[in-house]
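>
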Amino acid sequence: MSFPDRSVLLNFSSTLTHRNATVFTTQGADDSTQQAIQNLIDTRYQLTDRVSAPLKGMENDLFAKSQPLDSLRPKLRVTFGRSKRDGTFDWPVEEVLNTYTAHKRGAPVAGLYGFGYRKSVFGLIQEFFIFTELLDGYLSGLEWLKQERDIRSLITASFKLLQALHSKGIVHMDFWANNVMVNLAQPGLTKAIDLENCFLTQTEHLSEVLAFQFGFYYRREIFRFVIEEDYDQMVMDALGNYEGIDRSRFDELYALSKNENISRRARREIFHKGTVTAR
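Residues in the sequence shown are numbered from 37 upward in steps of one, following our numbering.
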């Protein structure tokens, strides 16, 4: 594999090989971890579904994600380290790069333990694996909400997390309740997950980006649990933590984001241009 950022590979210098798979980790895997990774690889042959679950059969706490690459073009791009036409990489490469960088900056995210791939007989990568810290003692936002039924606390903690990510130069464009992990012992402590749809630089269109993020957070399930006017007031209170917000630019896109589906490609347009095409 030709990885687009060689400096990342240097920090994952331990290599585990099994069948047609190669996994890079930050440190040498102990016997339990190695066996669990090998078992995962063994179960993935002939499967086309995506796995996103704790790694089974081990004492160490790791979370595993794997997904087959579904067509020739992504297989070629990932194998040879190429980007798409819009400059992004396929989701597994984006997630590795973003998670590694965010954690290195001290952002509140799960740490990256390792990543790897499984090749076909033709030498092309056909499946990608990502292993992160298992957030033991945490629940996703919606699961936590089912237990505690405290929507205001969840929204407050999520908005605090969003601001913490921005302070580290991490712009999460898939920020919704299930990508917010809540600490059961201290619900005010949260971590973000699923960073494949993130930017690692500041935007010149913060008003529009925040409008999308707050609107999207509401649209993805939260609208079911809160009165819209109450949510709007919490958003306005949270906006006071950001400088230079243009309310006219914010309000228009915020209203749109609460009510319309905005594709991932359109989210890139928001970040880069401050405009959007709703779909």
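All residues carry an ideal CB built from backbone N, CA and C; glycine is no exception.
These numbers were taken from a predicted model, which means no experiment stands behind them.
In this structure, does DSSP put Ala19 in helix, strand or coil?
The first residue shown for the chain is 37 and the last is 315, placing residue 19 beyond what the model contains.
> Could you work out which residue in Gly150, His139, Gly142 and Ser68 is closest to Pro128 when comparing CA atoms only?
Comparing Cα positions, the closest option is Gly150.
> Classify Asp266: buried if its beta carbon has 16 or more other beta carbons within 10 angstroms, exposed otherwise.
exposed
> Quick one: grab the DSSP three-state call for Pro90.
strand
> Quick one: residues in its chain with C-beta nearer than 7 Å to the C-beta of Asp41, no 5 flanking neighbours on either side, listed in chain order?
Leu133
> So, are the CB atoms of Leu292 and Gln249 less than 8 Å apart?
For Leu292 and Gln249, no; Cβs fall outside 8 Å.
> Using only the alpha-carbon positions, how far apart do Leu108 and Glu288 sit?
40 Å
> Distance check for Leu76 and Asp210, CA to CA, integer angstroms please.
C-alpha separation (whole angstroms): 27 Å.
> One question on the structure: do Glu131 and Ile161 come within less than 8 Å of each other, judged by their Cβ atoms?
The answer is no: Cβ separation not under 8 Å.
> Gln103 bridges to which residues according to DSSP?
Phe164
> On the DSSP bridge assignment, give the partners of Arg154 in chain order.
Ala57 and Glu163
> Roughly how far, in whole angstroms, is the beta-carbon of Asp97 from the beta-carbon of Leu170, given that I think they are within contact range, below 8 Å?
4 Å
> Buried or exposed, going by whether 16 or more other CB atoms sit within 10 Å of the CB of Asn215?
buried
> What first and last residue would you give for the beta strand (DSSP E) that runs through Val218?
Val216 to Asn219
> Determine the closest residue to Asp172 out of Phe307, Phe116 and Gly147, with distance taken between C-alpha atoms.
Ranking Phe307, Phe116 and Gly147 by Cα distance to Asp172 puts Gly147 first.
> Measure the Cβ-Cβ separation of His208 and Leu231 and say whether it is below 8 Å.
It is a contact, given that the beta carbons lie within the stated cut-off.
> Enumerated in chain order, which unbroken segments of the alpha helix (DSSP H) with a length of 4 residues or greater are wholly contained in the stretch 265-313?
283-295 and 300-309
> Tell me whether Glu169 sits in a helix, a strand or coil according to DSSP, three-state version.
strand
> Please classify Met272: is it buried, with 16 or more other beta-carbons within 10 angstroms of its beta-carbon, or exposed?
exposed
> Should Asn233 go down as buried or exposed, given a rule of 16 or more other Cβ atoms within 10 Å for buried?
Within 10 angstroms of the beta-carbon of Asn233 lie 16 or more other beta-carbons, which makes it buried.
> Pull the bridge partners of Val145 from the DSSP assignment, please.
Ala228
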